[in-house]
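This report refers to the structure that appears directly beneath it.
In this note's numbering, the protein residues as written are 11 to 106.
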């Protein structure tokens, strides 16, 4: 992971990860993983019982991000806050 920041994950026209995923921008997936992968992995590793569970949770969190992207068209929001909430919900399910 190259450590892109949230702002670096945006295109020159200002579109963020969610908008780019919704528009099926092929580079958005890689940019999302680069920008948020370490963050999501750290949460998953801390809140699951094993590396295998953390890997599975991380994959499911990114899948949830792709699914959620369709609902964000035209909305203004803090991407990292939304991604944190998506991750938290998924990790709560793993804790049950």
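All residues carry an ideal CB built from backbone N, CA and C; glycine is no exception. The structure displayed is predicted, hence computed values, not measured ones.
Can you round the beta-carbon distance between residue 57 and residue 101 to whole angstroms, since I take them to be within the 8 Å contact cut? The count along the chain shown starts at 1 and reaches residue 57 at position 47. The count along the chain shown starts at 1 and reaches residue 101 at position 91. Between residue 101 and residue 57 the Cβ distance is about 5 Å, and since that is below 8 Å, they are a contact.
Residue 74 in three-state terms, based on DSSP: Mapped onto the chain shown, residue 74 falls at position 64. Three-state DSSP puts residue 74 in a helix.
Rounding to the nearest angstrom, what Cα-Cα distance links residue 63 and residue 42 in this structure? Counting from 1 along the chain shown, the entry for residue 63 is found at position 53. Counting from 1 along the chain shown, the entry for residue 42 is found at position 32. Their Cα atoms are separated by approximately 21 Å.
By the 10 Å Cβ neighbour count, where 16 or more other Cβ atoms means buried, how is residue 30 classified, buried or exposed? Here residue 30 refers to the residue found at position 20 when the chain shown is read from its first residue. It is buried - the Cβ of residue 30 has at least 16 other Cβ atoms within 10 Å.
Who are the near neighbours of residue 54 in its chain, counting only those whose CB is closer than 6 Å to its CB and skipping five residues on each side? Locating residue 54 in the chain shown gives position 44, where the first residue counts as 1. Here the set comprises 64, 67, 68.
Looking at the structure shown, is residue 63 part of a helix, part of a strand, or coil, going by DSSP? The residue you call residue 63 lines up with position 53 of the chain shown. Note: residue 63 maps to helix in three-state DSSP.
When burial is assigned at 16 or more other CB atoms within 10 Å of the CB, is residue 46 buried or exposed? Residue mapping note: residue 46 aligns to position 36 of the chain shown, counting from 1. Burial call: buried.
Cβ atoms of residue 97 and residue 50: under 9 Å apart, would you say? By 1-based counting over the chain shown, the position of residue 50 is 40. By 1-based counting over the chain shown, the position of residue 97 is 87. Yes, these two residues count as a Cβ contact at 9 Å.
Between which two residues does the alpha helix (DSSP H) holding residue 95 run? By 1-based counting over the chain shown, the position of residue 95 is 85. Here the alpha helix (DSSP H) through residue 95 covers 89-105.
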